[in-house]
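One structure is given below, encoded as structure tokens.
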Ligand SMILES: Nc1ncnc2c1ncn2[C@@H]1O[C@H](COP(=O)(O)OP(=O)(O)OP(=O)(O)O)[C@@H](O)[C@H]1O
Ligand SMILES: [Mg+2]
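Spelled out as structure tokens, the structure:
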């Protein structure tokens, strides 16, 4: 890095400022050959060069003859999203420069207040930061791709195990020892768990990559609720839990992806069932608020400590000491799916006092 040539594009319309910067950089650079400075005096010329050449950094004056303010920054940033930009501002537009940093500029320098050494340092930091950011994004992308392809490849063998064990269970001889029968049942259950894990990993990878498309249509949410409840009833019965469902008498129609929203509800109900109290209650309420709907899932279990309440929505996060099995993906998927609908998923809970998860959704999609 130290010896590599840094290709810098300086976009600056004031010839005096441009000359000054050029001289400052020349005098401060450790070696003349370390920097290759190109120059444009208009936005149009700068964009032209960015399109045809490769640069490591843009030094950008925001006030140019053909563009000014944040617009200048946004044009350059969208023309070359991966090239770091250091904004040069005058005293009078420092506020705009600060905004540019909020929008993704790596740094800003106020003309007349910096010397060549400071500009050089800022540029080196900017390039290094951008490089780290690119590497991080690249790693995340690789991880998602890895999960996606591995999950995909695991599907077929797991389906084969599931099918084979089904055949074995259906043809079990009368005199099969009880212990062997139990083991076969365990294989069947483990295959189901594995299938669920693979489906979760795949869905998460698709969501991360922005590849999930909602299939929206007007749906009576009471039916989505009823289906999710039917799905969880057998498991709740195993732990002697009572399900209390409250829905309005009239249809509650919303433009949603019923399949995806059903998945969100199943994830929340599965948590209430898993983490809720043995012999406890699980409430599911659907509330019609004219333009909005609210669906809440409440349990009377151990609750969630305040410091965990935001983290449980992160991928793979599980509260330490969670005894039952789980991947830590259920809530991350649920939140991503609700947000894809333009809605919100939140939690209210206190340790020892149960938890309530709220889904709030607009009935009509906002972009139609
Ligand atoms: N209703 C609840 N009561 C108490 N803790 C909960 C509740 N719901 C979630 N949690 C905590 O939040 C963590 C994350 O939940 P999440 O649903 O994302 O993952 P999981 O249930 O562990 O695995 P899975 O991917 O199978 O859903 C859980 O491990 C649990 O510690
Ligand atoms: Mg879960």
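Residue numbers (our numbering): 7 to 374.
Glycine included, every Cβ here is placed at the ideal spot set by N, Cα and C.
{"Query": "Neighbour-count burial assignment, residue 58, 16 or more Cβ in a 10 Å radius", "Result": "exposed"}
{"Query": "Separation of residue 137 from residue 7, as counted between CA atoms", "Result": "Residue placement at residue 7 is flagged as unreliable, the pLDDT there being 45, under the threshold of 50; the coordinate-derived value follows with that caveat. Approximately 11 angstroms between the Cα atoms of the pair."}
{"Query": "Under the three-state DSSP convention, the category residue 164 falls into", "Result": "helix"}
{"Query": "For residue 94, the first and last residue of its enclosing beta strand (DSSP E)", "Result": "91-95"}
{"Query": "Residues with C-beta closer than 6 angstroms to any heavy atom of ligand 2, in chain order", "Result": "273, 276, 277, 332 and 336"}
{"Query": "Three-pair Cβ contact test at 8 angstroms for the segment 326-341 versus the segment 229-246", "Result": "no"}
{"Query": "At least three beta-carbon pairs within less than 8 angstroms, the segment 60-70 to the segment 96-115", "Result": "yes"}
{"Query": "Heavy atom of ligand 1 within 7 angstroms of residue 250 beta-carbon", "Result": "no"}
{"Query": "Same chain only: Cβ atoms within 7 angstroms of residue 228, ignoring 5 sequence neighbours per side", "Result": "253, 257, 258 and 292"}
{"Query": "Three-state secondary structure assigned by DSSP to residue 180", "Result": "coil"}
{"Query": "Residue 111, DSSP secondary structure in three states", "Result": "coil"}
{"Query": "8 angstroms CB neighbourhood of residue 1 in its chain, flanking five on each side removed", "Result": "No answer is possible for residue 1: the residues shown for the chain start at 7 and end at 374."}
{"Query": "Closer than 7 angstroms: residue 325 CB and nearest ligand 1 heavy atom", "Result": "yes"}
{"Query": "Every unbroken beta strand (DSSP E) inside the segment 307-373 [3 residues or more]", "Result": "350-355 and 361-368"}
{"Query": "Delimiting residues of the beta strand (DSSP E) encompassing residue 46", "Result": "41-46"}
{"Query": "Sequence-distant residues of the same chain with beta carbon closer than 7 angstroms to residue 324, five excluded per side", "Result": "332 and 334"}
{"Query": "Exposure label - residue 330; buried when at least 16 CB within 10 Å", "Result": "exposed"}
{"Query": "Through-space distance from residue 366 to residue 349, alpha-carbon basis", "Result": "5 angstroms"}
{"Query": "Residue closest to residue 87, alpha-carbon to alpha-carbon, out of 202, 232, 112 and 353", "Result": "112"}
{"Query": "Any non-hydrogen atom of ligand 1 within 7 angstroms of residue 305 CB", "Result": "yes"}
{"Query": "DSSP-derived helix/strand/coil call for residue 239", "Result": "helix"}
{"Query": "Of the listed residues 91, 202, 347 and 84, nearest to residue 15 (C-alpha basis)", "Result": "91"}
{"Query": "Member of 298, 351 and 295 whose CA lies at the smallest distance from the CA of residue 315", "Result": "351"}
{"Query": "Residue burial classification, residue 363 (beta-carbon count within 10 angstroms, cutoff 16)", "Result": "buried"}
{"Query": "Residue 20, DSSP secondary structure in three states", "Result": "coil"}
{"Query": "DSSP beta-bridge partners of residue 67", "Result": "94"}
{"Query": "First and last residue of the uninterrupted alpha helix (DSSP H) at residue 80", "Result": "76-85"}
{"Query": "Inside the segment 183-227 only - alpha helix (DSSP H) runs reaching at least 4 residues", "Result": "184-214"}
{"Query": "Residue 353 burial status per 10 Å Cβ neighbour count (16 or more: buried)", "Result": "buried"}
{"Query": "Enclosing alpha helix (DSSP H) for residue 265 [first to last residue]", "Result": "264-281"}
{"Query": "Buried versus exposed call for residue 359 [16 or more other C-beta atoms within 10 Å across all chains shown]", "Result": "exposed"}
{"Query": "DSSP three-state assignment for residue 120, whether helix, strand or coil", "Result": "coil"}
{"Query": "7 angstroms Cβ shell around residue 346 - same chain, five flanking residues per side excluded", "Result": "218 and 220"}
{"Query": "Beta-bridge pairing of residue 244 - partner residues as DSSP gives them", "Result": "DSSP, once it has assigned bridges, lists no residue as partnering residue 244."}
{"Query": "Check: residue 308 C-beta below 7 angstroms from any heavy atom of ligand 1", "Result": "yes"}
{"Query": "Nearest-angstrom Cα separation, counted from residue 131 out to residue 158", "Result": "40 angstroms"}
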